[in-house]
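Under our numbering, think of the first position of the sequence shown as 13, with each following residue one higher. Yeah, the Cβ is synthetic: ideal placement off N, Cα and C, and Gly gets one too. Keep in mind that this is a model prediction, so the values were computed, not measured. Single-structure report; data block below.
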Amino acid sequence: MQPFDAAQDLKDAPRTGGRQRPKDAATLILTRNGAKGPEVLMGRRAPGHVFMASKWVFPGGKVERSDAFAAFATDLSPADAGRLAREATRSRGRAMALAAVRETFEETGLLLAAPARAASVAGGWREFRAVGALPDLAALSYVARAITPPGRPRRFDARFFMADASALLHPEPTSGSGELDEIAWLPLEQARAQDLPAITRFVLGEIAERLHAPDRPLPFVRMVRGKHMVEHQD
Numbered sequence: 013m014q015p016f017d018a019a020q021d022l023k024d025a026p027r028t029g030g031r032q033r034p035k036d037a038a039t040l041i042l043t044r045n046g047a048k049g050p051e052v053l054m055g056r057r058a059p060g061h062v063f064m065a066s067k068w069v070f071p072g073g074k075v076e077r078s079d080a081f082a083a084f085a086t087d088l089s090p091a092d093a094g095r096l097a098r099e100a101t102r103s104r105g106r107a108m109a110l111a112a113v114r115e116t117f118e119e120t121g122l123l124l125a126a127p128a129r130a131a132s133v134a135g136g137w138r139e140f141r142a143v144g145a146l147p148d149l150a151a152l153s154y155v156a157r158a159i160t161p162p163g164r165p166r167r168f169d170a171r172f173f174m175a176d177a178s179a180l181l182h183p184e185p186t187s188g189s190g191e192l193d194e195i196a197w198l199p200l201e202q203a204r205a206q207d208l209p210a211i212t213r214f215v216l217g218e219i220a221e222r223l224h225a226p227d228r229p230l231p232f233v234r235m236v237r238g239k240h241m242v243e244h245q246d
């Protein structure tokens, strides 16, 4: 099992003392086989961000209301839907998966999707549907969960999903929304050498292991009574 750097996690987002309830969030880790082995898609957060400024992260963000009603081409696998159902309702779990796909498109321009007739919709899915695509949730695997410790400037109950780049409609990222000031496919070793939040480094190690053992137990990182805990679920 991968170790978690609790000390670094506290440095990433120092305690401010405020009380905030964690908001649902979702992240997508895209992988592909590169010339020197497995690669992951990562982006560097712009320096002006309140949360994790200038850190290299995976695309992702908070779940929006529109994610609960968004259309999709394929649904989550029964196994992944079942894992999410242990933590949330079926519709809420699907909304998290949809948020991971939407946020990845917004931040990188990449579509984990199937071709579809272009449609005009309101809300956060407007641009995604306008290009003629519907989310391909069957391509996702639910691989990790983490809750930001109490007292931080932002708190998220984040679910991490993984997908192979072969499911993308287009293989190369664009500038996206500008939230990430640099986006790149990085070999695993190069990714580990970047300035990473502790949770990103932990999940990166989990992805490296999961590429060889996809049925690994799912880790859940959270703080309990002032101490970081990593639990594993089948």
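Counting along the chain, no alpha helix (DSSP H) covers Asp176; the unbroken beta strand (DSSP E) around it starts and ends at 168 to 176. Between Thr160 and Pro34 the beta-carbon gap is near 6 Å, inside 8 Å, which marks them as a contact. The three-state secondary structure of Gln32, taken from DSSP, is coil.
Around the beta carbon of Val75, 16 or more other beta carbons lie within 10 angstroms, which makes this residue buried. Per DSSP, reduced to three states, the secondary structure at Pro90 is helical. If you compare the alpha carbons of Pro162, Glu184, Ser153, Ala109 with that of Leu146, the shortest gap goes to Ala109.
Fewer than three Cβ pairs drawn from the stretch 186 to 202 and the stretch 130 to 137 lie within less than 8 Å of each other, which leaves the two stretches out of contact. Counting the other Cβ atoms within 10 Å of the Cβ of Phe81 gives fewer than 16, which makes it exposed. Classified as exposed, Ser103 has fewer than 16 neighbouring CB atoms from the shown chains inside 10 Å of its CB. Within the same chain, and ignoring the five residues on either side of Asp21 in sequence, the residues whose Cβ sits closer than 8 Å to its Cβ are Pro161, Pro209, Ala210, Ile211, His240.
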